[in-house]
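Heads up: the structure comes next, in structure tokens.
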Amino acid sequence: MARVPFIGRLLWTEYIALFISLGLVFLEGIIHVITTCLPQPIINLCYRQSKRLFHVLSAAQPKRVKQDSISAEIAKASEFTELCDLFGYETEEHVVQTKDGYLLGLHRLPWRKGETNGYMSGNDVDNEAPRKPVVYLHHGLMMSSEVWVCLTEEKRCLPFRLAELGYDVWLGNNRGNKYSKKSTTMSPSYSAFWNFSIDQFAFHDIPDSIDYILSVTGQPSLSYIGFSQGTAQAFATLSIHPTLNRQVNLFIALAPAMSPAGLSNGVVDALVKASPDVMFLTFGRRSILSSTAMWQAILYPPIFVRIIDTALSFLFNWSGKNISMVQKLAAYVHLYSSTSTKSVVHWFQIIRNKSFQMYDDDAGSMLSLAAKSRFYKPAKFPTKNIKTPIVLVYGGSDSLIDIDVMLEELPTHTTATEIAHYEHLDFLWARDVDELVFPHVFKALSSQTRTAPAKLTEQFDGPAGDTCFVDYAS
113 MARVPFIGRL
123 LWTEYIALFI
133 SLGLVFLEGI
143 IHVITTCLPQ
153 PIINLCYRQS
163 KRLFHVLSAA
173 QPKRVKQDSI
183 SAEIAKASEF
193 TELCDLFGYE
203 TEEHVVQTKD
213 GYLLGLHRLP
223 WRKGETNGYM
233 SGNDVDNEAP
243 RKPVVYLHHG
253 LMMSSEVWVC
263 LTEEKRCLPF
273 RLAELGYDVW
283 LGNNRGNKYS
293 KKSTTMSPSY
303 SAFWNFSIDQ
313 FAFHDIPDSI
323 DYILSVTGQP
333 SLSYIGFSQG
343 TAQAFATLSI
353 HPTLNRQVNL
363 FIALAPAMSP
373 AGLSNGVVDA
383 LVKASPDVMF
393 LTFGRRSILS
403 STAMWQAILY
413 PPIFVRIIDT
423 ALSFLFNWSG
433 KNISMVQKLA
443 AYVHLYSSTS
453 TKSVVHWFQI
463 IRNKSFQMYD
473 DDAGSMLSLA
483 AKSRFYKPAK
493 FPTKNIKTPI
503 VLVYGGSDSL
513 IDIDVMLEEL
523 PTHTTATEIA
533 HYEHLDFLWA
543 RDVDELVFPH
553 VFKALSSQTR
563 TAPAKLTEQF
573 DGPAGDTCFV
583 DYAS
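Sequential numbering from 113 applies to the sequence shown in our numbering.
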């Protein structure tokens, strides 16, 4: 009797996760095909009906007209420059070519309001300004640089605050997202374009972006601020590029990610810890969750927000209570940007093996995990080798953070600060992020970089109240 190769290779929990996920993906695929073929008037009708249904079920009343207005403008903005224009900031767009041929979009906020080409307006127009210290910000998984600037209040926008304090602010983008979906050698329509993981971010995207920024600015080094996967990429690249540690004078990790324990939902967690073949079979080998834009088009924004909140609660047990509804309406449409299925699979390998490792190309081997570990072990990122000063700022209610495990893998000059009630996305959009997180960022920049602007050292008032500070070196 002939054997089916697929049978017997997975655990029963993996089969359950596989069949459920395949069913959901199949259903979404049908809806995606239908909506793609629908004329725009029908899509508009779906939008209006979902809006009407929402108001009937929730009895929602219009409130906060001024805030709702700016929220709608932010949600409607289609790109980074439009978001910055809403608050009066001029931007620059740059493109860096990586050594393996990907073209990455970089965004720059070089001036305060009223500045042009390094000169101050008004009485200071004839005085040449000194070269500014450089800060580089990098986004998280399935995001773009837009997540940093889609705030409803200027005071809660970290790039704007840094620009006003006298920094030359740069924001990066990973290969494959909306600003970096191009290569000199292949098209995004080919699977080969999407054959990248965290390894490629670490070996190429981050170091090549930093080299470009330092070349343009003429500065010898910069300060790096990462969020979520943006911190993981920095951990990885600094651990394998010794010279980069001289180019990055400070690494501030917001909601740092290295070796998450897993997801709160058991079935989904089983899918996460299944073999990569399950993920590739479910989502394909190109861009993951590419139909998100379709759902944004046909759903009334508050419904879309409720769906995202429900998904985040289901997957990570996050409540989202620290982010206002107005902010969610503004930001959630900017939350998703494309990335490869392989980069998500890479995270699943890290979770499954409880190790911040490089991508395991042999993960589909027929050997059992126990037997395989005797003969082969994926290379770990040697994070203890990092020389750059590291400042961690993490949430006490963030299910993706295990701070004790993380500190064991980092050098002893690492410091860590807890924001007790914060979840993951709060470090981007919480209503009090400017009070609870920014002071720690400004203090680190002021105390650990020689080139901190005088305005920063004069204005810093110290960290906000309900945090606890841990110096791992002590």
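Where is the CB? At the ideal position from N, CA and C, for every residue including glycine.
Model, not experiment: these values are computed from the prediction.
Give me the Cβ distance between His536 and Ser257, rounded to the nearest whole Å; I'm assuming they're in contact under 8 angstroms. As a first step, residue 536 is located in the sequence shown; it is residue number 424 there, counting from the start. As a first step, residue 257 is located in the sequence shown; it is residue number 145 there, counting from the start. Not a contact, Cβ separation roughly 18 angstroms.
So does the region 221 to 230 actually touch the region 303 to 311, counting three or more Cβ pairs closer than 8 angstroms? no
Just to confirm, is the Cβ distance from Thr495 to Met370 under 9 angstroms? Walking along the sequence shown from the start, residue 495 turns up at place 383. Walking along the sequence shown from the start, residue 370 turns up at place 258. Yes, these two residues count as a Cβ contact at 9 angstroms.
Neighbourhood of Glu191 by C-beta, 7 angstroms cutoff - its chain only, sequence neighbours within 5 removed: The count along the sequence shown starts at 1 and reaches residue 191 at position 79. No residues qualify anywhere along the chain.
Whole-angstrom C-beta distance between Thr193 and Glu205, which should lie under 8 angstroms: Here residue 205 is taken as the residue at index 93 of the sequence shown, counted from 1. Here residue 193 is taken as the residue at index 81 of the sequence shown, counted from 1. Contact flag correct, Cβ pair sits at about 7 angstroms.
Alpha carbon to alpha carbon, how far is Tyr506 from Tyr336? Position 394 of the sequence shown, counting from 1, holds the residue named residue 506. Position 224 of the sequence shown, counting from 1, holds the residue named residue 336. Rounded to the nearest angstrom, the two C-alpha atoms are 16 angstroms apart.
Run the CB neighbour count on Tyr488, radius 10 Å, all protein chains shown included, and call it buried at 16 or more, exposed below. Mapped onto the sequence shown, residue 488 falls at position 376. Looking at its Cβ environment, which holds fewer than 16 other Cβ atoms inside 10 Å, Tyr488 is exposed.
By how many angstroms is the C-alpha of Ile463 removed from the C-alpha of His250? Along the sequence shown, one-based indexing puts residue 250 at 138. Along the sequence shown, one-based indexing puts residue 463 at 351. For His250 and Ile463, the distance between alpha carbons rounds to 22 angstroms.
Outcome for Lys433 when other beta-carbon atoms lying within 10 angstroms are tallied against a minimum of 16: On the sequence shown, position 321 is the one that residue 433 refers to. Per the 10 Å Cβ criterion, exposed.
Could you please give me the residues that DSSP links to Ser399 through a beta bridge? Position 287 of the sequence shown holds residue 399. DSSP lists Ser452 as partners of Ser399.
Evaluate the contact criterion for the region 420 to 436 versus the region 521 to 541: three or more CB pairs, one atom per stretch, below 8 angstroms. yes
Relative to the C-alpha of Pro319, which candidate in Lys211, Leu277, Leu263 and Leu221 has its C-alpha closest? Here residue 319 corresponds to residue number 207 of the sequence shown, with the count starting at 1. Checking every option, the nearest Cα to that of Pro319 belongs to Lys211.
Excluding the 5 residues preceding and the 5 following Tyr444 in the sequence, name in chain order all residues of the same chain whose CB lies nearer than 7 angstroms to its CB. Position 332 of the sequence shown, counting from 1, holds the residue named residue 444. Closer than 7 angstroms at the Cβ level, and outside the excluded window around Tyr444, lie Phe416, Val417 and Ile420.
What do you get for Ala207, buried or exposed, if any count of 16 or more other CB atoms within 10 angstroms of its CB means buried? For the purposes of this step, residue 207 is identified with residue 95 of the sequence shown, where counting begins at 1. The question names Ala, but residue 207 is Val in the sequence shown. Label assigned to Val207: exposed.
Work out the CA separation of Tyr412 and Thr500 for me, nearest whole Å. Here residue 500 corresponds to residue number 388 of the sequence shown, with the count starting at 1. Here residue 412 corresponds to residue number 300 of the sequence shown, with the count starting at 1. Cα to Cα, Thr500 sits roughly 45 angstroms from Tyr412.
For Pro222, count neighbouring Cβ atoms within 10 angstroms of its own Cβ and tell me buried if that reaches 16, exposed if not. Position 110 of the sequence shown holds residue 222. With 16 or more Cβ atoms within 10 Å of its Cβ, Pro222 is classed as buried.
Which whole-angstrom value describes the C-beta separation of Val246 and Asp197, a residue pair presumed to lie in contact below a C-beta threshold of 8 angstroms? If you number the sequence shown from 1, residue 246 lands on position 134. If you number the sequence shown from 1, residue 197 lands on position 85. 23 angstroms between Cβ atoms; not a contact.
Kindly provide the ranges of any alpha helix (DSSP H) runs that are 4 or more residues long and lie completely inside the region 310 to 396, ordered along the chain. 318 to 329, 341 to 352, 356 to 359, 378 to 384 and 388 to 395
Just list the residues that DSSP pairs Tyr214 with in beta bridges. Taking the first residue of the sequence shown as 1, we reach residue 214 at position 102. Answer by DSSP bridge pairing, in chain order: Ser295.
When the Cβ atoms of the region 518 to 526 are set against those of the region 546 to 561, are three or more pairs found closer than 8 angstroms? no
How is the beta strand (DSSP E) around Trp282 delimited, first residue to last? By one-based count along the sequence shown, residue 282 stands at place 170. Looking at the DSSP string, the run of the beta strand (DSSP E) that includes Trp282 is Asp280 to Leu283.
Do you know whose CA, among Phe428, Ile182 and Ser450, lies nearest Phe395's CA? For this step, residue 395 is matched to residue 283 along the sequence shown. When only C-alpha atoms are compared, the closest one is Ser450.
For the alpha helix (DSSP H) that Val545 lies in, which residues bound it at each end? In the sequence shown, counting from the first residue as 1, residue 545 sits at position 433. Here the alpha helix (DSSP H) through Val545 covers Val545 to Leu548.
Pair within 9 angstroms by beta-carbon distance, Phe493 and Ser321: Stepping through the sequence shown from its first residue, residue 493 is reached at position 381. Stepping through the sequence shown from its first residue, residue 321 is reached at position 209. Not closer than 9 angstroms, so no.
Span separating the alpha-carbon of Ile531 from that of Val545: Within the sequence shown, numbered from 1, the residue matching residue 531 stands at position 419. Within the sequence shown, numbered from 1, the residue matching residue 545 stands at position 433. Approximately 10 angstroms, taken between the alpha carbons.
Going by DSSP, which residues form a beta bridge with Thr404? Translated into positions along the sequence shown, residue 404 becomes position 292. Looking at the DSSP assignment, Thr404 forms no beta bridge with any residue, so it has no partner.
Taking its Cβ as the centre, do 16 or more other Cβ atoms sit within 10 Å of Gly213, making it buried, or is it exposed? For the purposes of this step, residue 213 is identified with residue 101 of the sequence shown, where counting begins at 1. Burial call: exposed.
Decide if Asn429 is buried, meaning its Cβ has at least 16 other Cβ atoms within 10 Å, or exposed. Sequence index remark: in the sequence shown, residue 429 carries index 317 (1-based). Asn429 should be labelled exposed.
What is the residue span of the beta strand (DSSP E) that Gln209 lies within? Numbered from its first residue, the sequence shown carries residue 209 at position 97. Segment Glu204 to Gln209, the beta strand (DSSP E) holding Gln209.
Between Ile325 and Val553, which are expected to be in contact by the criterion C-beta below 8 angstroms, what is the C-beta distance as a whole number of angstroms? Within the sequence shown, residue 325 is the residue found at index 213, counting from 1. Within the sequence shown, residue 553 is the residue found at index 441, counting from 1. Going by Cβ atoms, the distance from Ile325 to Val553 rounds to 19 angstroms, so no, they are not a contact pair.
Within its chain, find whatever has a CB closer than 7 angstroms to the CB of Lys290; leave out the 5 residues flanking it on each side and keep chain order. Residue 290 sits at position 178 when you count from the first residue of the sequence shown. Answer for Lys290: Ser256, Ser449 and Ser450, listed in chain order.
Have a look at Thr422 and Leu557 and give me their C-alpha separation to the nearest angstrom. On the sequence shown, position 310 is the one that residue 422 refers to. On the sequence shown, position 445 is the one that residue 557 refers to. For Thr422 and Leu557, the distance between alpha carbons rounds to 36 angstroms.
Could you tell me the boundaries of the beta strand (DSSP E) in which Leu249 lies? Taking the first residue of the sequence shown as 1, we reach residue 249 at position 137. Element bounds for Leu249: Val246 to His250.
Looking only at its chain, what residues have a beta carbon closer than 8 angstroms to the beta carbon of Thr349, apart from the 5 residues adjacent to it on each side? Position 237 of the sequence shown, counting from 1, holds the residue named residue 349. Excluding sequence neighbours, Thr349 sits near Phe313, Ala314, Phe315, Ile318, Pro319 and Leu356.
Comparing C-alpha positions only, which one of Tyr534, Lys555 and Ser181 sits nearest to Ala367? For the purposes of this step, residue 367 is taken as residue 255 along the sequence shown, with counting starting at 1. Looking at the Cα atoms, Tyr534 is the closest of the given residues.
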